[in-house]
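Reading through the C-alpha cells given below for one structure.
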Amino acid sequence: MKNYKLLTPGPLTTTETVKKEMLFDHCTWDDDYKQITQEIRRELLNLAHVSEEEYTAVLMQGSGTFGVESVLTSVIGKEEKLLIAANGAYGKRMVSIAEHACIDYTLYEEDFDKVPCARKIAEILDGDGRITHVAMVHSETTSGILNDISSVAKVVKERGRTFIVDAMSSFGGVDIQVGELGIDFIVSSANKCIQGVPGFSFIICRRDKLMESKGKARSLSLDLYDQWETMEKDGKWRFTSPTHVVLAFRKALDELKEEGGTEKRNERYTQNHKILIENLAKLGIKPYVGADVQGPIITTFYYPENHHFSFQEMYEYIKERGYAIYPGKVTDADTFRIGNIGEIYPEDMVKVTAIISEFLKETN
Ligand SMILES: *Cc1c(COP(=O)(O)O)cnc(C)c1O
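Numbering (the working numbering), first residue to last: 951 to 1314.
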C-alpha cells in the first residue's frame, strides 16, 4: 500500500498543504527567501516562550542528530566537561557524539523505564566541580517516557552549569517554558511535532552562552556559532539551505498556529494517545513504562501474552490496511512502538487498534 499513514516518531505524516509547498524551487540569495528563514527563527522563539533579547534560534542542515552534535561539539570547550543523563538510545547517542569528538564527559545512566533523578544529578554535580555542562533528552523516543526537565533544570541552574536539552520529539507537541526553566540550548527538528518534512534541525540558544562558544567548535559544518553569525546578518544559510524543507516548515508553523499552538496540538496528541492505550489494554497489550512517566508522543508496548506472531507479520498486516508502526528499541524487553504524532487524529487510533484486534483474532 503506497498511501499508509506513519505512526512513527518521525518523519511523520504531514498535511497535503505542507507537502505542496515543496513544488516550488526557491532561489536562496534573494530577500524574500532570507525573510522566510528569519520568520521561522522568530516563530521558534515564540514557541519556546523566550525573547529575542535573551535567546536566538539557529537552523542547522541535517537530521535531528546533526543538531545535537552541533551543540555538543560547539559549546563545550577543551577544558570543560559534560554530564550526560541517559535513559534511552538518544541519551546514549550523546555519549557516542562525545566519544567521537573527544569531549570530556561523565555518564549517569538510568534504566529505560525510569526518569533521570534530579537529586542524583545534583549529587554528581556537587561531587565533580569540573562538570560545566549537563545534557539530557526530554521525550525519550526509545521508550516514550517523558523526562522531568523542570526538576533537573532547577538543580543545574542553581549550580551555575549550562543546560542542554534534546527536545526533538516533544518541542511543539509538549509546551516547554524554555526561558523560565533557564534552558541554555534546546534542540528539535523540522520533522517531529511541528509536522514539517525532514531536512534540518533547529537550536534555540541563550545568546550569552552562544557568544561564549565562539571558536570552540570541533567541526566546520556543524559550527553552531558560525552558522548563527551568518544567519543573524540577514537570514542567509552558511552552506546550501534545504529550500523545499524550509518552505514546508514555514507552512507547518502556520498550521500549528491555526490549530491553536502547542496547547491544542498537545490536546490532540494526548487524545490520540489515550485512545491507543485504552483500546490496546482491552486486547491485553500493556505499555512498557508506567502511566506516571509515560509521555503523549509515542508508546512502547509489550506483546500480548502467548502471542504467535513476529513483529514483521504484524507490521505487514497493519501496513496493508493503511498504517506503519515501529519496532521496539528498548534493550531489556521484547516490544513494539506506536507513535501518535503528525497528521493523526483520534479516528486513526480507533482504526489502527481495530486492525490490531483483527490481527490478534487471525493469529490466535
Ligand atoms: C528523532 C530523535 C532524534 C534525532 O534523530 P534523527 O534520526 O537524527 O533525526 C534525537 N533525539 C530524539 C529524542 C529523537 O526522538
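For glycine and all other residues, C-beta sits at the position ideal for the given N, C-alpha and C.
Quantities reported herein were computed from a predicted structural model and do not represent experimental measurements.
DSSP state of residue i mapped onto helix, strand, coil
{"i": "residue 1291", "result": "coil"}
{"i": "residue 1151", "result": "strand"}
{"i": "residue 1315", "result": "As displayed, the chain neither begins before 951 nor continues past 1314, which places residue 1315 out of reach and without an answer."}
{"i": "residue 1219", "result": "helix"}
{"i": "residue 1050", "result": "helix"}
{"i": "residue 1005", "result": "strand"}
{"i": "residue 1100", "result": "helix"}
{"i": "residue 1273", "result": "strand"}
{"i": "residue 1011", "result": "strand"}
{"i": "residue 1261", "result": "helix"}
{"i": "residue 1095", "result": "strand"}
{"i": "residue 956", "result": "strand"}
{"i": "residue 1190", "result": "coil"}
{"i": "residue 1212", "result": "helix"}
{"i": "residue 1108", "result": "helix"}
{"i": "residue 1045", "result": "helix"}
{"i": "residue 1255", "result": "coil"}
Sub-8 Å separation of residue i and residue j beta-carbons
{"i": "residue 1251", "j": "residue 1285", "result": "yes"}
{"i": "residue 1280", "j": "residue 1092", "result": "yes"}
{"i": "residue 1046", "j": "residue 1172", "result": "no"}
{"i": "residue 1137", "j": "residue 1017", "result": "yes"}
{"i": "residue 1125", "j": "residue 1212", "result": "yes"}
{"i": "residue 1176", "j": "residue 1188", "result": "yes"}
{"i": "residue 1288", "j": "residue 1143", "result": "no"}
{"i": "residue 1119", "j": "residue 1248", "result": "yes"}
{"i": "residue 1037", "j": "residue 1070", "result": "no"}
{"i": "residue 1180", "j": "residue 1258", "result": "no"}
{"i": "residue 1185", "j": "residue 1011", "result": "no"}
{"i": "residue 1161", "j": "residue 1115", "result": "no"}
Residue i beta carbon near ligand 1 (any heavy atom closer than 7 Å)
{"i": "residue 960", "result": "yes"}
{"i": "residue 1282", "result": "no"}
{"i": "residue 1089", "result": "yes"}
{"i": "residue 1219", "result": "no"}
{"i": "residue 1239", "result": "no"}
{"i": "residue 1139", "result": "yes"}
{"i": "residue 1018", "result": "yes"}
{"i": "residue 1119", "result": "yes"}
{"i": "residue 964", "result": "no"}
{"i": "residue 1013", "result": "yes"}
{"i": "residue 1040", "result": "yes"}
{"i": "residue 1142", "result": "yes"}
{"i": "residue 980", "result": "no"}
{"i": "residue 1098", "result": "no"}
{"i": "residue 1063", "result": "no"}
{"i": "residue 1078", "result": "no"}
{"i": "residue 1173", "result": "no"}
{"i": "residue 1176", "result": "no"}
{"i": "residue 891", "result": "Only positions 951 to 1314 of the chain appear in the structure, and residue 891 is not among them; the question remains open."}
Where the alpha helix (DSSP H) through residue i begins and ends
{"i": "residue 1209", "result": "1193 to 1209"}
{"i": "residue 1015", "result": "1014 to 1025"}
{"i": "residue 1056", "result": "Segment 1055 to 1059 is the beta strand (DSSP E) holding residue 1056; no alpha helix (DSSP H) there."}
{"i": "residue 1082", "result": "Where residue 1082 is concerned, there is no enclosing alpha helix (DSSP H), although the beta strand (DSSP E) it sits in stretches over 1081 to 1087."}
{"i": "residue 1309", "result": "1296 to 1313"}
{"i": "residue 1241", "result": "It is not in any alpha helix (DSSP H) - residue 1241 carries neither H nor E in the DSSP assignment."}
{"i": "residue 983", "result": "981 to 997"}
{"i": "residue 964", "result": "Segment: none, residue 964 is in no alpha helix (DSSP H) and carries neither H nor E."}
{"i": "residue 1181", "result": "1174 to 1184"}
{"i": "residue 1167", "result": "From DSSP, residue 1167 is part of no alpha helix (DSSP H); its letter is neither H nor E."}
{"i": "residue 1069", "result": "1068 to 1077"}
{"i": "residue 1130", "result": "1128 to 1131"}
Limits of the unbroken beta strand (DSSP E) element including residue i
{"i": "residue 1032", "result": "1031 to 1036"}
{"i": "residue 1116", "result": "1112 to 1116"}
{"i": "residue 1160", "result": "Element bounds for residue 1160: not the beta strand (DSSP E) but the alpha helix (DSSP H), 1157 to 1162."}
{"i": "residue 1138", "result": "1135 to 1139"}
{"i": "residue 1249", "result": "1248 to 1252"}
Residue from the options with nearest C-alpha to residue i
{"i": "residue 1205", "options": "964, 1031, 954 and 1221", "result": "964"}
{"i": "residue 1145", "options": "1124, 1198, 1184 and 1301", "result": "1198"}
{"i": "residue 1234", "options": "999, 1255 and 968", "result": "1255"}
{"i": "residue 1140", "options": "1021, 1193 and 1244", "result": "1193"}
{"i": "residue 1316", "options": "1073, 984 and 1084", "result": "Past the edges of the chain, shown from 951 to 1314, lies residue 1316, and the structure says nothing about it."}
{"i": "residue 1113", "options": "1073, 1159 and 956", "result": "1159"}
{"i": "residue 1097", "options": "988, 961, 1278 and 1246", "result": "1246"}
{"i": "residue 1088", "options": "1131, 974, 1148 and 1228", "result": "1131"}
{"i": "residue 1166", "options": "1079, 1153, 1051 and 1266", "result": "1051"}
{"i": "residue 1306", "options": "1015, 1269 and 1151", "result": "1269"}
{"i": "residue 1079", "options": "1086, 1202 and 1032", "result": "1032"}
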